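Colleague: I have a structure here, written as structure tokens, and I will follow up with some questions on it.
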Ligand code: GAL
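Written out as structure tokens, the structure reads:
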């Protein structure tokens, strides 16, 4: 009898295990190429629970991120492409890269530092966005697989020359992606400059926690720990004020679906064409703290964003228009992906009362941001 029960148990166990959906990894050689003599590749980071993150050194970019859903099936929760050729050709540059030197917008691409006026390249209407048209998302980074506290990690380094896209100072940046044992993707940034400059790098993944863009992100349930946001003009440049989210459609202090009030008649939503706002996180300067929690009711996958940054840009995929075909044939349907970008405030170099984005020689820039994955039922 005991043998019979053991056999049945083993049968049930193995048949369940067999039916689980495992990560379908992109072959590494789909990214094997060179750009201006620099080698591009794809790197896999994994942990003992089977979470896998695929990263290319082209733009220090997350290409795929597989985590288990509520049934134990693995889902890829970021948008992107299956080959390097598609990244080269995409009209949307911002699938998963580290954007910089300054993520988000700078008014007319101008700022003053130590009495000198700097003019950055213009690539978003009259403004500078995500480091310019030749920003870090288009650069080949040096890649080195390392181990951090026993976890698999990829250290990516880039040397941003003085004058690149108009920025002053030679800047060396290291970004290390770490996949921890508790299904966390931690991103550590470190930078130094040889002349005063400004810096605000951020990770720019488009997530859909249901695992497919066939579902929009409007049913995702979001909570952001921010009492205030930085209102903008219609070009999404901050006015300099900090406004309360209370009694506005921007209030996510209590969890609720993104789609609840996204189309309300409210000026900041009109300017963003939906959510495209920087939240002022409730915290002390430099405090490493939970900033947002978001979950997909379809998959039960929950993502917690933890950061030491003062701001969090929530973008609800308002510019997605169904014209780009990504992995598994998924289209970039309108609002089928969201970004939660931990950062300094947009246009901070032009607002003395925003947190400073200045980096001086002999200082070190540091940032830590984590995306922690778990499930709810
Ligand atoms: C976001 C930004 C949006 C849009 C997007 C790229 O970070 O807030 O306005 O530019 O990147 O599609």
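Numbering (this note's numbering), first residue to last: 356 to 732. Glycine included, every Cβ here is placed at the ideal spot set by N, Cα and C. These figures come from a predicted structure and were not determined experimentally.
1) Who does residue 639 pair with in a DSSP beta bridge?
2) May I ask you to report which of helix, strand or coil DSSP gives residue 666?
3) In angstroms with no decimal places, state the Cα-to-Cα distance between residue 662 and residue 674.
4) Hey, would you say the C-beta of residue 631 is under 6 Å away from at least one heavy atom of the ligand GAL?
5) Measuring from the CB of residue 670, is there a heavy atom of the ligand GAL at a distance below 6 Å?
6) Specify the secondary structure class of residue 385 as computed by DSSP and reduced to three states.
7) Below 6 Å, is the gap between the Cβ of residue 449 and the nearest heavy atom of the ligand GAL?
8) Could you give the residue range of the beta strand (DSSP E) that holds residue 380?
9) Just the Cα atoms here: how many angstroms apart are residue 418 and residue 441?
10) Is residue 562 a contact residue of the ligand GAL, with contact defined as CB to any heavy atom under 6 Å?
11) Quick check for students: name the residue ranges of the beta strand (DSSP E) that lie wholly in the stretch 537-574, counting only runs of 3 or more.
12) What are the residues that DSSP puts in a beta bridge with residue 514?
13) My assumption, with CB atoms under 8 Å, is that residue 624 sits in contact with residue 604. Please give the rounded CB distance.
14) By Cβ distance below 6 Å, which residues in the same chain neighbour residue 402 in space, the five residues on each side in sequence not counted?
15) What number of angstroms, rounded off, separates the C-alpha of residue 466 from the C-alpha of residue 600?
16) DSSP state of residue 703, grouped into three classes?
Modeller: So, from the data block:
1) Residue 639 pairs with nothing; no bridge assigned.
2) In the three-state DSSP reduction, residue 666 falls in the strand class (E or B).
3) 26 Å
4) yes
5) yes
6) helix
7) yes
8) No residue range can be given for residue 380, since it is assigned to no beta strand (DSSP E) and is classified by DSSP as neither H nor E.
9) Straight-line spacing of the CA atoms in residue 418 and residue 441 works out to 11 Å.
10) no
11) Secondary structure within the stretch 537-574: the beta strand (DSSP E) runs of 3 or more consecutive residues, fully enclosed, are 539-548 (chain order).
12) 527
13) 6 Å
14) 534 and 536
15) 28 Å
16) helix
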